[in-house]
Each structure stands twice: as structure tokens, then as C-alpha cells.
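Before any comments, here is the structure.
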Amino acid sequence: MASASSFASRNYKFNVFSSFHGPDVRKTLLSHMREQFKRNGITMFDDQEIVRSQEIAPSLTNGIRESRISIVILSKKYASSSWCLDELVEILECKRAMGQIVMTIFYRVDPSDVRKQSGEFGISFNETCANKPDEERQKWSKALREVGNIAGEDFQKWDNEVNMIKKITRDVSDKLNATSSRDFDGMVGLESHLRKMEDLLDFDYDGVKMVGISGPAGIGKTTIARALHSRFSHKFQLTCFTENLRGSYHSSGLDDYGLQLHLQEQLLSKVLNQDGTRVCHLGVLPQRSSSLRVLIILDDVNSLKQLEALAGDTSWFGFGSRIIVTTEDQELLQQHGIDNIYHVSFPSRQEGLEILCRYAFKQCSPKEGFEELAIRITELCCKLPLGLRVVGSSLRGKREDEWIDVMSRLENILDQDIEKVLKVGYESLEDNEQTLFLYIAIFFKYNDGDLVKAMLAGIDLDVKYGLKILERKSLIEISARGEIRMHRLLQQVGKRAIRRQKLRNRQILVDANDICDVLLNNTVTSKVVGISFDTSAINEVFISKGAFKRMPNLRFLKVINSKYDVCERMDIPEEIELPQRLRFLHWKAYPIKCLPPTFNTECLVKLDLRHSQLEKLWEGTQPLKNLKQMDLSYSYYLKELPDLSNATNLEALKLNVCKSLVELPSSISNLGKLKDLWLVSCTNLEVVPTNYTFSSLNPIHIEISRTNMTTFGMSVPAANEVPPT
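One point on numbering: in this note's numbering, the residue at position 80 of the sequence shown is 577, and numbering is uninterrupted.
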């Protein structure tokens, strides 16, 4: 592989070397070919000054090695020349060792006669081999079998020589245009991807293999496929890169059968390099390709019918063929029986930084003075190669203050070129999955899948099926622990999709100014299901007492400040009426000492009030059967917790740095499903239920003074049992 790569990247003295028997073709086919090549700017090695002898001349050997393509013109008397046969051996050695492209023309001779050394061709070969050592005969015979198996132009199938030469010229030009491998030089992490793909492709295996490349949009699937095509195309008789198949199956208005015929016509035209190829039935593609060793790349497939039309079965292709399919939908590959799948992972932090720097500075590391900015922008792009490339290119030659401006925009605005690629996956979803995508993008990233299902209960969504679709289309990732993850740039796609909706039709509100108007003036309809309010760009927030009265369907309320703990000013009446059907309440730095007395907790699944001003949550015992998580961390003024006896499904209670908290309620002893209890730096905690055992939790997150623990009558854990904060 290394030698082939270096061969493909070197400079050549000639485009083409031709191997031929002079008396058969020099004054006819070859002279016309030279003229056509000259018109098309194709340089050709000229052997007319070389005197033929018994041994191949060094100048001919050099001519072969200094040419990118060798064209072997096999005529009836080709094998009558030991000179030609030695040329052929040298050409095939260059093909094997250095990746030279070899093309064939069967000029008035049957390809099978070349392979078998039969007919008139065989008579000439036998005459040449007379009085030659058997070793030499075997060497030449093997070379003729090999070259006879290279698909080429058969003169006898053409109506005239002119058209055949035009076709050959076009083929040569296409191959010259497709041979450069320098396009991929220096691409960060590419060699690692190619090594892994080469293992899957297993070029030593003589059978046919289909291999998939999966991963999210913008991760580099197409780049990997193009690099594979560039590096390994020399191993195949014919190659084809069919790009951007997404949507092709439903774009022409034809029925299923017509669409399959249309796709096969496009593929055959590319494989055979013959424009206007017509396919009259679906058996044509397998008939034409079953004897060919081909490399076919089907890029950005998003329909099983595309695969069924273009690569229905491995038997469609000749021995040694490889079919590579790129897609965001890994399950689609599995449905088609493709088990060899390479899932493209995100680059490491260092690789991400290097990608950005290569486009921004044309070097591997940040320029002096830009180190912190480059690291921050890499983080904002979440290491997505597409994002790093687009943003890095836009920053080339920019001053430090311009970098700061771009960084600020990246925090809230998605680059159009990046969005164009990423939104394709979202737009291809059905309504159920689009809605679920938006909920995850806005509210539920990094939440447990079961928790998300609980929070979306009662909404007309098939959450279980939707999560499966989003994962297989690489729009989310579900960790081994069941946590849902979504790329930050895909979250931005979700926000942009919401902003493109008409305000009166939105189920989710994300625009801060729109939300301010809604909360102050009650100007919203009952369609709103979720509000995500980032107050970082708002100096003052005013919320009326009845702000949520006209939103009876509001289930998800998120109020945060992405830059600071609190906005400059937030005016909330203490008697505010929060939505009655809330399932998710996340209000960072909640500014009142107690939740309103009318607050209905019956539907609540997750309560997140970190950094709040709360002194207590509510009075008395509330219905909490649906509550699974409660986070009150950094609520410095929180003095007590309410009765939690009804929170029978509570799994996580986080009270880190609740410095004023004095007592844990006795009801905590009866929470049989509680798995996580965080009490880090609760420095004034004095009262814990006497029958409470921390060892029942899995895991335990505590940091209470050893004196207090002894006072509680609790066993004191060893130092190494106390987890870090």
C-alpha cells in the first residue's frame, strides 16, 4: 500500500506508454490514437528511435516506469515478439508494485485467445517460445492470462475505429484526472481510518465483499470513501464513485421499477464510462458486472431500495470486487446483510485542534497568542470535522478580535455551510422523530433514556421507536449507561428548525425576546408544550402572575443563564402560578424563597433548581409519585427538605453545597429506589434518620465531617471510599 501511494503521488514524464506489435498497428490504430491523444493534451512515450533487439532496451523499461498508464494493444502477432512479451511482464510488475494503471485494447483478436494462447495468437506465441527455456514460457503465459483478464476495448464490437479511439481517449483522460492522491495529504486522522478500512476490505480475499461506513453528518464518511477510491482503485478493472445518493430514490417521480432501472443506468454508465447506457430490465446490471473485478462506492445512501437496486447481492459482481456504502443509517446496512461496518468516531481533542489549525493557520498548532481561542473554538465545534474545517477556513488571516467575535457567534449561531449538511438528517425524519429530536435538542441532552420516556409520557409520541430511529441515523448516541447524547451542532440545528416555524404554530419556544413578550403579556396559545429560556442576553426579566395561565399544555420549563448564574434582574411575583402539568422544571438560580403554594407536583418527573434562593421547597406532603430526580445543589440558603414519603420512585437526590441544610427528613429512609444521594460539602448537616443506612445506596456521594457522622451513630467509611467532589 505504501509503495502504491508513493507511486500515485509522484510526477511522471509521460501520461501513457503503449505496448504493441508495430507491423499490426503502427500505421493504423496507433497513429490515429497518437493524434487524438495529442489533441487532448495526453503525452505519450515515443519508441520510434529505439532499435529493436533480443532484449528489452533500458530506455523502454524507463519509459514504462515513467508513465502513469500503460496501454497494451493485443493484436494477432503481438505474441510473435519476445520484446513485446518482456514489455508486458515489466508493465504488469509495475502494476503490482507501484499501482500503475493498465488498459487493454483487443485489436482484431479474441480476448479468450490471449488468455488461453489459442488460435492465431497461440500459434505466434508457440513460435516465439520455441527454443526458449520453460521458465520463460511460463512467465510469458502467466502475463498473457493476466492481461487477457483486464477488461478493455474489443475492436470487433465497435462499428468504427474513430468512435473506439474517442472512447479510449476519454477513459485515459478520466483516469489521469482521478489518480492524484495529494488531495488527502495531511488530513488529520485519515491514515488511521484507512488502515481500519483496509482490514475490513481484506484485498487478499478473492470473494466479493460489501463494507459499510456509518456515522453522523459531517464526520468525514465521504472523505474516507474518496481517499479509499484514490488509493486502491488501481487494484480493480473498473471503479465507480456514485456520490450523494440521498433522496435519489424519490426525486424523479418514477414508480419503483422505473426508479430501479434509472439507478442502474446511472451506475452502469459510470462503471463502463459510457454515457447514455440503457437498461431494459433489472438483470442487466448483474449480467454486465458479474465477470468484472470492480470497486463501487455508493455514497450517502438513505434507502434500502437504493441498495437493492445497485448492489442487490454479492453474486452481481466478479471475484475480488468491493462495494463500499456510506450512510448515516447503520441499521440500513444491517438490513441489507452488510456486517462489515466501520463506524467513524469523533477525533480526539488534540486531533480536533489540529484540524482547526490546519485550516486556520496552515499548520498543525495554533499561532502564538491564539492558543486559548483555538482550544475554545474547537470545543464549540465539538470536534466535528466539518465544523472545524468550515470555521477554520473562515478564520484564516483574521485578527484576534475577529476570532473573539466568531467565538461569540458560535455560541448561539450555526454557520450556514455546516447547517446545510447537518439539517439534511433532521429533514429526512418523519413527524414523530422530528418532534422527538427537537425535545432532546432543547431539553433532554445527557438525560437517561428511561427518564426521557417518563417525561414525555402523555404526549402523543412513540418515544421508544423514535429513539431507535434517531440513534440508527446517527442523530443521537445512547451510551452504555443509557444516557442520550446529541452533538452540540445538531442542537443548534434543532433551534434553527424551531425558529423557522411561525410563532403561532410553535410547540417549543426558544427565542429569548419572544419568551419575554409571552411572559409579560400572556401572548401565546395553548399549543406551547415547552419553553427553554436563556436569559444571558436579557438585562431584565418581568413575569406576570398569570404568565402561564394560557399555556395549559406546558410540560417542560427551562430557565437558565448560559453565561452567568443570574441575569441582572428577574422580577417574579411570589404568588406566580406555575403550569399545572409540568413534568420537567429546570430553573437555574430560582429567585424566590419558596415555590408558590399553588405549584402542582403530581406530574413532576425531574426538578432541577440548582443555585436557587430557596429556603424551603413547599409546605406539607405533596403527591410525588412520578418524581425521579431532584437537584437542589448550591442552594446555599436551603434549610430543610419537605416530606418525601410520596416520592416512591425517586432515584437521585442531589444536595451538594447546600450549606444551610441542617436535617434530612425521616421520610428519606423509605425511598426504596433511591440510587444516588449527593451530600458533598453539606457542612451544617446535623440530623440524619437513625435507621438510615448509606450502604444501601449505589453509588454513594457524600462528604460529611467525620465528627458529624459519628454523632449520627453512622459507621465512618475509609478515606478511599469517599468519592472526589
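C-beta atoms are modelled at their ideal positions from N, C-alpha and C, and glycine is treated no differently. Computed from a predicted structure; not experimentally measured.
Pairwise C-beta distances place the region 1096-1111 in contact with the region 1126-1141, as three or more of them are shorter than 8 Å.
DSSP places Gln1126 in the strand class (E or B) of the three-state scheme. A residue is called buried when at least 16 other Cβ atoms come within 10 angstroms of its Cβ; Ser1132 meets this threshold and is buried.
For Glu1037, the enclosing beta strand (DSSP E) begins and ends at Glu1037 to Phe1039. The beta carbon of Pro1139 sits closer than 6 Å to those of Leu1114 and Trp1115, all from its chain and outside the five residues before and after it, given in chain order. If you look at Cys854, you'll find it in the alpha helix (DSSP H) that goes Arg846 to Ala857. Annotation for Ser1029: the continuous beta strand (DSSP E) segment containing it runs Gly1027 to Asp1031.
Around the Cβ of Lys880, a 10 Å sphere holds 16 or more other Cβ atoms; the residue is buried.
Sorting Pro630, Leu972 and Tyr604 by C-alpha distance to the C-alpha of Phe618 places Tyr604 at the top.
Beta bridge pairing from DSSP links Leu877 with no other residue. The C-alpha of Lys574 is placed about 17 Å away from the C-alpha of Val586.
By the C-beta criterion, the region 733-742 is judged to be in contact with the region 791-803, since at least 3 inter-stretch pairs fall below 8 Å. Ile570 is bridged by DSSP to Ile602. DSSP places Glu762 within a helical segment (H, G or I) once states are collapsed to three.
DSSP lists Val1056 as the beta-bridge partner residues of Trp1084.
In the displayed model, Lys1151 falls within a strand according to three-state DSSP. The three-state reading of DSSP puts Tyr962 in helix, counting H, G and I together.
Of the residues Lys1170, Met707, Val1159 and Ser1164, the one whose Cα lies closest to the Cα of Leu1176 is Val1159.
Short of 8 Å from the beta carbon of Tyr943, and not among the five residues preceding or following it, lie these beta carbons of its own chain, in chain order: Glu980, Ile981 and Arg982. Judged by DSSP in its simplified three-state form, Asp928 adopts helix. Here the alpha carbon of Cys861 sits roughly 43 Å from the alpha carbon of Leu789. DSSP assignment within the region 990-1017 yields no whole alpha helix (DSSP H) run of 4 residues or more.
At a Cβ-Cβ threshold of 9 Å, Ile1028 and Val1015 count as neighbours. In the displayed model, Asp701 falls within coil according to three-state DSSP, outside both helix and strand. Counting other Cβ atoms within 10 Å of its Cβ, Val685 reaches 16 or more and is therefore classed as buried. In the structure shown, the three-state DSSP call for Lys1103 is strand.
Secondary structure note for Asn512: its beta strand (DSSP E) is the uninterrupted segment Phe511 to Ser516. DSSP places Phe729 inside the alpha helix (DSSP H), whose first and last residues are Lys718 to Phe729.
Arg1080 and Trp900 have their alpha carbons spaced roughly 40 Å apart. Linking Leu1182 to Ser1157 through their CA atoms gives a straight-line distance of about 8 Å.
The count of Cβ pairs closer than 8 Å, one atom from the region 831-839 and one from the region 775-788, stays below three, leaving the stretches out of contact. Setting aside the 5 residues that flank it on each side, Ala808 is surrounded in the same chain by Ile820, each with a C-beta closer than 6 Å to its C-beta; the list follows chain order.
Trp637: not part of any beta strand (DSSP E); member of the alpha helix (DSSP H) spanning Asp631 to Gly645, first to last residue.
Here the alpha carbon of Gly712 sits roughly 45 Å from the alpha carbon of Ser516. In chain order, Lys1055 and Asp1105 place their CB closer than 6 Å to the CB of His1083, counting only its own chain and leaving out the 5 sequence neighbours on each side. Per DSSP, the beta bridge partners of Gly709 are Val822 and Ile838.
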